[in-house]
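To keep things clear, I will list the structure first and then write my remarks on it.
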Amino acid sequence: MIGKGEQPMQPEWQQLMNAAREARERAYVPYSHFQVGAALLDANGHIHYGCNVENAAYGPTNCAERTALFRAIADGCAPQSFRAIAVIGDTAEPITPCGVCRQVLIELGGPALPVIMGNLNGDIIVKTVGELLPGAFTSADLHDKTI
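Quick note on our numbering: the sequence shown kicks off at 522 and runs consecutively.
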């Protein structure tokens, strides 16, 4: 289900989607029961797994995409050194990252990072982070010399 103008599916991306499906099974979701998995491919070909982790206070809940990104950074990967991220959920259409995850993806993954979005039916859409968050607020905005 890769549409017009979207990137073609690469073989390593299918492996990444399979890893996201595996990560989804590890989700801690006692409140929503909505499992999401993510898998982040770093520059060295290592996969960093992420799943959503809920909390009774809701605010401290963390999405799968951010879990994978934060884990990779904690494991020593440099920001914007990633090759792709996959995310999967039990949704009618391929799942997309929430707004907070898109903001973190633009900072830690960069606008060119491919995001492979899928569902349990095998539907896939691939877009870059920049396509998912046009006009993003970035660190460049913090250093505007015209102010």
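Here a beta-carbon is modelled for each residue, glycine too, at the ideal position from N, C-alpha and C.
Fully enclosed beta strand (DSSP E) runs of no fewer than 3 residues occupy 557-563 and 568-572 of the region 544-596, in order along the chain. In the DSSP annotation of this structure, Ala661 is not part of any beta strand (DSSP E); the continuous alpha helix (DSSP H) holding it starts and ends at Ser660 to Leu663. The three-state reading of DSSP puts Ala613 in coil, since its state is none of H, G, I, E or B. Taking C-beta separations shorter than 8 Å and ignoring five residues to either side along the sequence, the partners of Asp563 in its chain run His569, Ala593, Cys598, Ser602, Phe603 and Arg604, following chain order.
Asn539 sits in a helix when the DSSP states are folded into three classes. Residue burial annotation: Gly620 is exposed, with fewer than 16 other C-beta atoms found within 10 angstroms of its C-beta. Counted as a single uninterrupted DSSP element, the beta strand (DSSP E) harbouring Gly639 occupies residues Pro635 to Asn640.
Contact between Ala589 and Trp534 fails: their C-beta atoms lie close to 15 Å from each other, not under 8 Å. For Arg547, the CB contacts under 6 Å within the same chain, skipping 5 residues up- and downstream, are Cys572 in chain order. Residue pairing by DSSP puts Val608 in a beta bridge opposite Ala559 and Met638. If the five residues before and after Asp611 are omitted, its C-beta is found closer than 6 Å to the C-beta atoms of Leu641, all from its own chain and listed in chain order.
Thr649 is the residue among Gly643, Val625, Thr649 and Arg542 whose C-alpha sits nearest the C-alpha of Leu634.
The beta carbon of Arg587 sits closer than 6 Å to those of Cys622 and Val625, all from its chain and outside the five residues before and after it, given in chain order.
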